[in-house]
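A.B. asks: The listed protein sequences correspond, in order, to chains Y and E. Taking the working numbering, I'd label the letters of the first sequence as residues 102 to 215. Taking the working numbering, I'd label the letters of the second sequence as residues 1244 to 1355. Where is the CB? At the ideal position from N, CA and C, for every residue including glycine.
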Amino acid sequence: NAGVTQTPKFQVLKTGQSMTLQCAQDMNHNSMYWYRQDPGMGLRLIYYSASEGTTDKGEVPNGYNVSRLNKREFSLRLESAAPSQTSVYFCASSEAGQGDEKLFFGSGTQLSVL
Amino acid sequence: GENVEQHPSTLSVQEGDSAVIKCTYSDSASNYFPWYKQELGKGPQLIIDIRSNVGEKKDQRIAVTLNKTAKHFSLHITETQPEDSAVYFCAAGRTGGFKTIFGAGTRLFVKA
């Protein structure tokens, strides 16, 4: 079982470029999440999808869009990257009915915006 | 907004000693308090959690305590080992909710 798989692992962008971070889980979880991790700030929720077909904003959604492609996949898109979006991005999932209890995280995408 | 404060930001202990990490939360409606361990280059992994109807929970060398009145909760690691070296995050959320708030993290070093 792979768990939560994120691609790519590393990415360097120029200001204004766009990109999509991909995430897939094989645990049949209902809920999926995107977090960003910055030094001294812990993990902050960008967007989440409580179930297939729904998405909602988290704490820091500005500059991002998401797509819940199916039950397995949840992507994060940066339309016009800014240096403030330099961060480590984590995708996570959780079981049906658990809300965000017992989150399972991927290994992260390190993004640098120059 | 709601927040979770975590202390200390860095903790260095000798192998075999105990380590304690403390957190406070602001949302009175929080009733679920997980702790995650993040090793270098990996995503956070849940190591223990506690609910508001319980004051203490133990799992081998780790224990968590919760003081709901004071809005404090703590992680205790006894007999620390080098493999305990990692970043630890506390968090506070609500059962069935989707917006768990994380603390800023504690980097634990266990010296052999």
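Chain E partners of Y/Phe191, CB-CB under 8 Å?
C.D. replies: Gly1286, Pro1287, listed in chain order.
A.B. asks: From E/Val1263 to Y/Phe191, what distance separates their C-alpha atoms?
C.D. replies: Answer to the nearest angstrom: the Cα atoms are 26 Å apart.
A.B. asks: Please classify Y/Ala183 as buried or exposed, where buried requires at least 16 other C-beta atoms within 10 Å of its C-beta.
C.D. replies: With fewer than 16 Cβ atoms within 10 Å of its Cβ, Y/Ala183 is classed as exposed.
A.B. asks: So what does DSSP say about E/Ser1255, is it helix, strand or coil?
C.D. replies: The answer is strand: DSSP assigns E/Ser1255 an E or B state.
A.B. asks: Would you list, in chain order, the members of the stretch 1337-1353 of chain E that have their beta-carbon closer than 9 Å to a beta-carbon of chain Y?
C.D. replies: Flagged, chain order: Arg1337, Thr1338, Gly1339, Gly1340, Phe1341, Lys1342, Thr1343, Ile1344, Phe1345, Gly1346, Ala1347, Gly1348.
A.B. asks: Cβ atoms of E/Ser1255 and E/Phe1332: under 7 Å apart, would you say?
C.D. replies: Not in contact: E/Phe1332 and E/Ser1255 (Cβ atoms no closer than 7 Å).
A.B. asks: Give the residues from the stretch 1264-1276 of chain E that approach chain Y closer than 8 Å (Cβ to any Cβ), ordered along the chain.
C.D. replies: Answer in chain order: Tyr1275.
A.B. asks: Using a Cβ cut-off of 7 Å, which residues of the stretch 1314-1335 of chain E contact any Cβ in chain Y, in chain order?
C.D. replies: Against chain Y - using a Cβ distance shorter than 7 Å - the residues of the stretch 1314-1335 of chain E are Phe1332.
A.B. asks: Between which residues of its own chain and E/Ile1293 is the CB-CB distance below 6 Å, once the five residues before and five after are set aside?
C.D. replies: These residues qualify, in order along the chain: Phe1276, Lys1300, Val1307, Leu1309.
A.B. asks: Threshold first: 3 residues or longer. Then list the beta strand (DSSP E) segments lying entirely within the stretch 119-149 of chain Y, N to C.
C.D. replies: 120-126, 132-138, all fully within the stretch 119-149 of chain Y.
A.B. asks: Whose Cβ in chain E lies nearer than 9 Å to the Cβ of Y/Lys203?
C.D. replies: Under the 9 Å cutoff, chain E gives Pro1277, Leu1289, Asp1292.
A.B. asks: For E/Ala1334, count neighbouring C-beta atoms within 10 Å of its own C-beta (all shown protein chains included) and say buried if the count is 16 or more, exposed if not.
C.D. replies: Answer is buried; the Cβ neighbour count reaches 16.
A.B. asks: Hey, is the stretch 1315-1327 of chain E in contact with the stretch 1259-1274 of chain E, meaning 3+ C-beta pairs nearer than 8 Å?
C.D. replies: Short answer: they touch.
A.B. asks: Taking Cβ-Cβ distances below 8 Å as the criterion, which residues of the stretch 145-159 of chain Y are in contact with chain E?
C.D. replies: Hits within the stretch, in order: Arg145, Leu146, Tyr149, Ala151, Asp157, Gly159.
A.B. asks: Residues in the same chain with beta-carbon distance under 8 Å from Y/Leu177, minus the five sequence neighbours each way, listed in chain order, please.
C.D. replies: Same-chain partners within the cutoff: Thr121, Leu122, Cys124, Trp135, Ile147, Tyr148, Tyr165, Asn166, Val167, Tyr190, Cys192.
A.B. asks: Quick check on the DSSP output: what are the complete beta strand (DSSP E) runs of length 3 or more inside the stretch 1288-1353 of chain E, in order along the chain?
C.D. replies: Fully enclosed beta strand (DSSP E) runs of 3 or longer: 1288-1294, 1299-1302, 1305-1310, 1315-1320, 1329-1335.
A.B. asks: Return the residue from the list Y/Thr106, Y/Thr210, Y/Arg169, Y/Lys115 that minimises the CA-CA distance to Y/Glu153.
C.D. replies: Of the candidates Y/Thr106, Y/Thr210, Y/Arg169, Y/Lys115, the one whose C-alpha sits nearest the C-alpha of Y/Glu153 is Y/Arg169.
A.B. asks: Should E/Gly1286 go down as buried or exposed, given a rule of 16 or more other Cβ atoms within 10 Å for buried?
C.D. replies: By the neighbour-count rule (16 or more Cβ atoms within 10 Å), E/Gly1286 is buried.
A.B. asks: Identify the continuous beta strand (DSSP E) that holds Y/Ala193 and give its terminal residues.
C.D. replies: Y/Ala193 -> beta strand (DSSP E) spans 188-195.
A.B. asks: Starting from Y/Ser213 and walking both ways along the beta strand (DSSP E), at which residues does that stretch end?
C.D. replies: Where Y/Ser213 is concerned, the enclosing beta strand (DSSP E) stretches over 210-214.
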